[in-house]
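Have a look at the structure below before the remarks.
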Amino acid sequence: MLTELKTRGVQDILIACVDGLKGFPDAINSVFPQPHIQLCSIHMVRNSLKYVAWKGYKVATSGLRPRPKRRH
2 MLTELKTRGV
12 QDILIACVDG
22 LKGFPDAINS
32 VFPQPHIQLC
42 SIHMVRNSLK
52 YVAWKGYKVA
62 TSGLRPRPKR
72 RH
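In structure tokens form, the structure reads like this:
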């Protein structure tokens with residue numbers, strides 16, 4: 002997929018937002034020179050909540066907004 006983007010004319014990407022798939026940042030770096038790679042904010046929050054104790058879960062999530070509804 003990444004090499005196909007390159008052959009279609011994409012010369013460089015500045016930011017790549019990834020979902021934590023192992024090896025994907027390395028694959029991006031092998032095709033495009035030094036993009037800024039960041040974890041998707043939704044995945045970052047979900048991964049962080051795995052470490053919150055059940056007693057503190059309500060407090061930790063009280064400031065989060067609900068996920069937007071998908072349009073069909």
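Its first residue numbered 2, the sequence shown is counted upward by one per residue in my numbering.
Backbone N, C-alpha and C define an ideal beta-carbon position, used for all residues, glycine too.
Quick caveat, the model's predicted, so the values are computed rather than measured.
Query - Any 3 or more C-beta pairs closer than 8 Å across the stretch 10-28 and the stretch 38-47 - result: yes
| said: If distances are taken between C-alpha atoms only, which option among Pro69, Ser49, Glu5 and Arg68 comes closest to alanine 61? | reply: Ser49
Have a look at the DSSP bridge pairing and note the partners of glutamine 39.
Cys18
Q | Extent of the continuous alpha helix (DSSP H) run through tyrosine 58 | A | 58-62
Residues in the same chain with beta-carbon distance under 8 Å from threonine 4, minus the five sequence neighbours each way, listed in chain order, please.
Val32
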